[in-house]
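Quick note on my numbering: the sequence shown kicks off at 85 and runs consecutively. Glycine included, C-beta positions come from ideal geometry on N, C-alpha and C. Nothing here was measured: the structure is a model prediction, and the numbers come from that model. See structure below.
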Amino acid sequence: TDTGSQKDRVVSEEEWLKKWEMGNIGFHKERGHPLLQKYLDVLVNGRSGLRIFFPLCGKAVEMKWLADMGHSIFGVEISEQALKEFFVEHGLSYCEEPVPEISGAKKLQSTSGNISLYCCSIYDLSSSIVGKFDGVWDRGALVAVNPCDRQRYGSLMITLMEKNSSYLLVTVSYDPSKHKGPPFYVPESEIKSLFG
Ligand code: SAH
């Protein structure tokens, strides 16, 4: 399939912020993703109290779901509006603090302490700031990354993973010559080359 037409496409951070402001967020789903329910056992793999990462998290309801199962949730998102809506819509109180290592970044943390959402670009994070994760739920994340940034995203994600971590990735299969994305079309061969 021809992915050439998407290769040079860039969605800027400003465009994402605008989508949130305009309520143009068709990607957000009110109900938990059926594939997370289906593959929850693969993610958790009999372990408890995991550190689970949601890259490009938006206000994904699955964060609340996994937190309620006793896991510690970490997310990153450039839209502060999205993060605030997450806490408000789930009736969770939270506090805000700056992230000393990243200029302009904020951490919004539930008062109960088990949900920590970083408001900054994912490319500003590193394991020295957020630690490493036992699990990753990547839905609307790799497929939202600009194709020119995929390599950087993949390498960063690998550095954020613990040795025995599980990574659930959702991609979207469609004819990339008919839609400019996002979500972008990420062929299986590219996933193999990014993550091995
Ligand atoms: N994973 C979420 C949101 C998917 S949409 C879900 O399943 O609903 C992609 C999100 O990534 C948007 O909310 C956008 O604001 C955010 N985003 C885009 N570029 C980003 C970046 N560089 N760092 C962090 N968040 C980013």
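Separation of residue j from residue i, as counted between CA atoms
i	j	result
N136	L127	Residue 136 is actually Ile in this sequence, not Asn. Their backbone Cα atoms lie some 9 Å apart in a straight line.
V145	G175	12 Å
V95	G107	17 Å
W100	G265	13 Å
G154	S261	43 Å
C203	R234	20 Å
R223	T255	7 Å
S177	L167	12 Å
S277	P231	14 Å
S257	D218	27 Å
T85	E272	Below a pLDDT of 50, predicted positions are generally treated as unreliable, and T85, at 45, falls in that range; the measurement from the model is reported next regardless. Taking the straight line joining both Cα atoms gives about 12 Å.
Q121	L252	11 Å
E52	L209	Since the first residue of the chain shown is 85 and the last is 280, residue 52 is not available in this structure.
A151	Y123	17 Å
S89	E274	16 Å
K216	S250	12 Å
R236	E97	16 Å
S292	G188	Outside the displayed span of the chain (85 to 280) sits residue 292, for which this structure offers no information.
Outcome for residue i when other beta-carbon atoms lying within 10 angstroms are tallied against a minimum of 16
i	result
V172	exposed
D259	exposed
K148	buried
L119	exposed
P139	buried
F158	buried
D92	exposed
S163	buried
G142	buried
I242	exposed
S211	exposed
G194	As written in the sequence, residue 194 is Ser, which differs from the Gly given in the question. Looking at its Cβ environment, which holds 16 or more other Cβ atoms inside 10 Å, S194 is buried.
Residue range of the unbroken beta strand (DSSP E) whose run includes residue i
i	result
F158	S156 to E161
Sheet register partners of residue i (DSSP bridge)
i	result
M245	F217
Y251	V220
Opening and closing residue of the alpha helix (DSSP H) in which residue i lies
i	result
M147	E146 to D152
K143	That residue, K143, is in no alpha helix (DSSP H); it is neither H nor E in DSSP.
Next on the checklist: I'd like the ranges of any alpha helix (DSSP H) spanning at least 4 consecutive residues and lying wholly in the stretch 163-237.
Outcome noted: 164-173 and 211-214
Next on the checklist: Please give the ranges of any alpha helix (DSSP H) in the stretch 92-137, keeping only runs that are unbroken, at least 4 residues long and fully inside the region.
Outcome noted: 97-106 and 118-128
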